[in-house]
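*Asks:* Residue numbers (my numbering): 3 to 201.
Each residue gets a CB set at the ideal place from its N, CA and C atoms; glycine is no exception.
The following block contains the structure, expressed as structure tokens.
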């Protein structure tokens with residue numbers, strides 16, 4: 003089993019290979035943390051101070067409406083990043099929460115340290131440009147889905163996007179992400195199961 007540091011460096015190397023000096027500089031600027039299930043790493047009203055890289059476990063990012071209902075915006079599991087990009091870069095209070103759904107292990111990096119690495123490791127600047135662009139595309143697609151896709155289509159897209167998470171997440175969390183009730187999600191699953199072609 004890989005140690006946490008290898009997981010992170012392998013992630014970067016998949017984009018652009020790093021040399022030993024660059025790796026050493028990165029490791030100086032990141033912090034390793036263990037997170038308990040249901041522990042918050044960001045709460046509404048606080049500035050998002052870190053980018054989080056998930057080594058192990060699963061997180062959700064969500065907002066709460068004026069009726070107290072949670073609306074999941076994003077999930078992040080092993081090998082993914084989670085952060086409120088807007089709050090992190092503007093240093094303004096977030097309107098979102100980031101919470102561990104499972105016990106988790108992360109690396110976190112603060113804004114000033116990330117900017118330092120951008121200046122000193124141009125490759126990392128390019129890597130994070132791609133990461134942020136991908137997050138933007140993901141969010142744009144979710145906005146489009148809310149008015150152009152059926153609940154069933156959104157569920158099928160969720161299965162494709164989060165294939166490894168579908169069996170790990172409770173129905174309530176998936177339903178919140180899709181903007182439907184858990185009961186309606188169960189109906190969609192039943193209907194899809196009935197319509198599966200027999201072998």
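Between 147, 6, 144 and 179, which lies nearest to residue 59 when the distance is taken from Cα to Cα?
*Replies:* Here the closest residue by C-alpha is 6.
*Asks:* Which term fits residue 140, buried or exposed, when burial requires 16 or more other beta carbons within 10 angstroms of its beta carbon?
*Replies:* Exposed.
*Asks:* Going by alpha carbons, who is nearest to residue 65 out of 54, 46 and 82?
*Replies:* Taking only the C-alpha atoms, the option nearest residue 65 is 46.
*Asks:* Threshold first: 3 residues or longer. Then list the beta strand (DSSP E) segments lying entirely within the segment 134-188, N to C.
*Replies:* Listed in chain order, nothing qualifies, since the segment 134-188 has no complete beta strand (DSSP E) run of 3 or more residues.
*Asks:* Determine, using beta-carbon pairs with one atom in the segment 101-113 and one in the segment 27-40, whether at least three such pairs fall under 8 Å.
*Replies:* Yes: the two stretches touch, three or more of their Cβ pairs being nearer than 8 Å.
*Asks:* Please look up how many angstroms separate the CB atoms of residue 146 and residue 160, rounded, as I've assumed it's under 8 Å.
*Replies:* Actually they do not touch by this definition, with Cβ atoms about 14 Å apart.
*Asks:* Measuring straight from C-alpha to C-alpha, what distance separates residue 49 and residue 196?
*Replies:* Distance between the alpha carbons of residue 49 and residue 196 is about 47 Å.
*Asks:* In terms of alpha-carbon separation, which member of 132, 187 and 118 lies closest to residue 13?
*Replies:* It is 132.
*Asks:* Under 8 Å, with one C-beta from each stretch per pair, do the segment 110-118 and the segment 72-80 reach the 3-pair mark?
*Replies:* They do not touch, by the three-pair rule.
*Asks:* Rounded to whole angstroms, what is the Cα-Cα separation between residue 9 and residue 143?
*Replies:* Roughly 28 Å between the two C-alpha positions.
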